[in-house]
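**Student:** Residue numbers (the working numbering): 1 to 296.
Don't be surprised by glycine CBs; every beta carbon is placed ideally from N, CA and C.
If you're wondering where the values come from, they're calculated on a predicted model, not measured in any experiment.
Structure incoming, see below.
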C-alpha cells in the first residue's frame, strides 16, 4: 500500500517545520487508477507523477504515522487502482475508533456497506461533473447510475453521504443549482471545487472558471443548504446565474469557506499559496464584503 499525506498533514506529523491549525488530516491511498478522467492527475493516461493530487504534492508516509495524530477527523482520498479495496480494508481496520471520512469511487451499495461496517463516519461519492453528456465524455460511465447509487446510499445512511462537484467542466449555472437542490432533498452535502488545469492531463489547456462565477455558485450552494431558499431566488439568463434575489444578512461570507465534512479546511487545493483562494479556509470580515458585492 502507498499512503500519502498532504503538506499540512506532514506538518502535523512532524515531517516539515511549519505551524498549522488543522482539525482534519488528509491522506491519499495511492496507485495507478483504472479510470481515465480528463481533469485528473491520477487518470490512467495522465502524464503526471503519482505524488500529485490536483496541483498539490502529497509525500509518502507509513501506516504507523496514523497513530501519532490527534485530530478531529481523518480524510482518506482513495484512488481506484487494482487492489484498492483490500488496502482500504487494512487501513480502516487500523483506524477503528477514529472519525473517518472516505472519498471513493464505490461501484455498488455492497461496497459502501462494507466501509460503514468498519465504523466510517461519512463516505464521499463524487460526481465531479453535473451534466450527463459531459460526465460520460470527461469522467466515463453514467451520471444517472452514479446519482442512483448516491440516492440509495443516502436513504440507507442518512446524513452520512457526501459528494464533490467541480465548477468549470462545461456545465451551466442552472445545472449546478438544480443539482444542489437534488442533493439537498437527499440530505447529501455538496463540496465544491473549481476546475484546476494540470499539466499532463487531457484538460491541461482548459481555463479555470472566473472567480466571479465561482463566488456566485458558492453563494448559491450556501443559500440552498444553509438558508433553505426557494428556486425563484435565482435569476438565470440562458442558464447563466445573472442575479440572486436575496438581501444580504450577516454571516453569508461563510459561503466562501471550504465546503465539505465537518472540520474540513483543505487549503490551496485549487490554487497556489499567495493567490486569491477559490475556497477560503479561514473566516474573515473580507468575506462578508464579497457577499455584499454579489447581492448588492
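(1) Bridge partners of residue 192, per DSSP?
(2) From residue 49 to residue 245, what does the alpha carbon distance come to, in whole angstroms?
(3) Write down the C-beta distance between residue 229 and residue 192 rounded to the nearest angstrom, noting that I regard them as a contact closer than 8 Å.
(4) When the distance is taken between beta carbons, is residue 103 closer than 8 Å to residue 121?
(5) In the structure shown, what three-state DSSP assignment does residue 240 receive?
(6) I need the straight-line Cα distance from residue 27 to residue 290, nearest angstrom please.
(7) Indicate whether the contact test is met: 3 or more Cβ pairs, each with one atom in the stretch 182-196 and one in the stretch 13-30, closer than 8 Å.
(8) Nearest to residue 117 by alpha carbon, out of 265, 88, 136 and 39?
(9) Within the stretch 96-143, note down every full alpha helix (DSSP H) run reaching 4 residues or more, in order along the chain.
(10) Nearest by alpha-carbon distance to residue 236: which of 97, 248 and 217 is it?
(11) Can you list, in chain order, the residues of its chain whose CB lies under 8 Å from that of residue 62, leaving out five sequence neighbours each side?
(12) Going by DSSP, which residues form a beta bridge with residue 3?
(13) Do the CB positions of residue 109 and residue 149 come within less than 8 Å of each other?
(14) How many whole angstroms separate the CB atoms of residue 124 and residue 162, which I take to be in contact at a CB cut-off of 8 Å?
(15) By a C-beta neighbour count over all protein chains shown, 10 Å radius and 16 as the cutoff for buried, is residue 283 buried or exposed?
(16) Using CA atoms only, rank isn't needed, just tell me which of 243, 93 and 145 is closest to residue 174.
**Tutor:** With the structure as the only source:
(1) 165, per the DSSP bridge assignment.
(2) Near 45 Å, if we compare the C-alpha coordinates of residue 245 and residue 49.
(3) With a contact defined as Cβ atoms closer than 8 Å, residue 229 and residue 192 miss out at about 17 Å.
(4) With a cutoff of 8 Å on beta-carbon distance, residue 121 and residue 103 are scored as not near each other.
(5) Residue 240 falls in the strand class under three-state DSSP.
(6) Pairing residue 27 with residue 290, the inter-Cα distance amounts to about 32 Å.
(7) Counting Cβ pairs under 8 Å, fewer than three are found: no touch.
(8) Nearest to residue 117 by C-alpha distance, out of 265, 88, 136 and 39, is 88.
(9) For the stretch 96-143, whole alpha helix (DSSP H) runs of length 4 or above, ordered along the chain, are 109-117 and 132-138.
(10) When each option's Cα is compared against that of residue 236, the closest is 217.
(11) Result list for residue 62: 3, in chain order.
(12) The partner list for residue 3 (beta bridge, DSSP) reads 29 and 61.
(13) Taking 8 Å as the Cβ cut-off, residue 109 and residue 149 qualify as a contacting pair.
(14) Yes, they are in contact, since the Cβ atoms of residue 124 and residue 162 sit about 5 Å apart, within 8 Å.
(15) A residue is called buried once 16 or more other Cβ atoms fall within 10 Å of its Cβ, and residue 283, having fewer, is exposed.
(16) Checked all of 243, 93 and 145; the closest Cα to residue 174 is 243.
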